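Asker: The following block contains the structure, expressed as structure tokens.
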Amino acid sequence: MKELFRSNDPVRKSRALGLLEDEGIPAFPMDQHMSILEGSLGILPQRLMVADRDEFMARAILRDAGLDE
Numbered sequence: 001m002k003e004l005f006r007s008n009d010p011v012r013k014s015r016a017l018g019l020l021e022d023e024g025i026p027a028f029p030m031d032q033h034m035s036i037l038e039g040s041l042g043i044l045p046q047r048l049m050v051a052d053r054d055e056f057m058a059r060a061i062l063r064d065a066g067l068d069e
């Protein structure tokens, strides 16, 4: 698994998941339940992961959409 990005922005994460899903690339949001530990403040960034073989295409898709860092 490769990390595409970390972000506190739920809109960015949702948009990235949608774009990758449309292209047939499975992406896995991680750390989404960490808000229980932080008290739902949104302090801890959430990660978006893809399989090693999909990293290159996923990064290209996010870059074309302006969602890369």
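Residue numbering for the sequence shown follows full-length UniProt numbering, starting at 1 and increasing by one per position. Cβ atoms here follow ideal geometry from the backbone N, Cα and C, with glycine treated the same way. Since this is a predicted model, take the numbers as computed values, not measurements.
#1: Have a look at PRO29 and ALA16 and give me their C-alpha separation to the nearest angstrom.
#2: Apply the 10 Å Cβ neighbour rule to GLN32 and answer buried if 16 or more other Cβ atoms are within range, or exposed otherwise.
#3: How would you label VAL50, buried or exposed, when you count the other beta carbons within 10 angstroms and need 16 or more for buried?
#4: From LEU4, GLU3, ASN8 and MET1, pick the residue whose C-alpha is nearest to that of PRO45; which is it?
#5: If distances are taken between C-alpha atoms only, which option among ILE43, ALA58 and ASP68 comes closest to LYS2?
#6: Taking 8 Å as the cut-off, decide whether the C-beta atoms of ASP68 and ILE25 are in contact.
#7: Would you mind stating whether ARG6 and ARG47 have Cβ atoms separated by less than 8 Å?
Answerer: According to the data block:
#1: 10 Å
#2: With fewer than 16 Cβ atoms within 10 Å of its Cβ, GLN32 is classed as exposed.
#3: Residue environment for VAL50: buried (at least 16 other C-beta atoms within 10 angstroms of its C-beta).
#4: ASN8
#5: The option with the nearest alpha carbon to LYS2 is ALA58.
#6: No; because the gap between Cβ atoms is not below 8 Å, this pair is not in contact.
#7: yes
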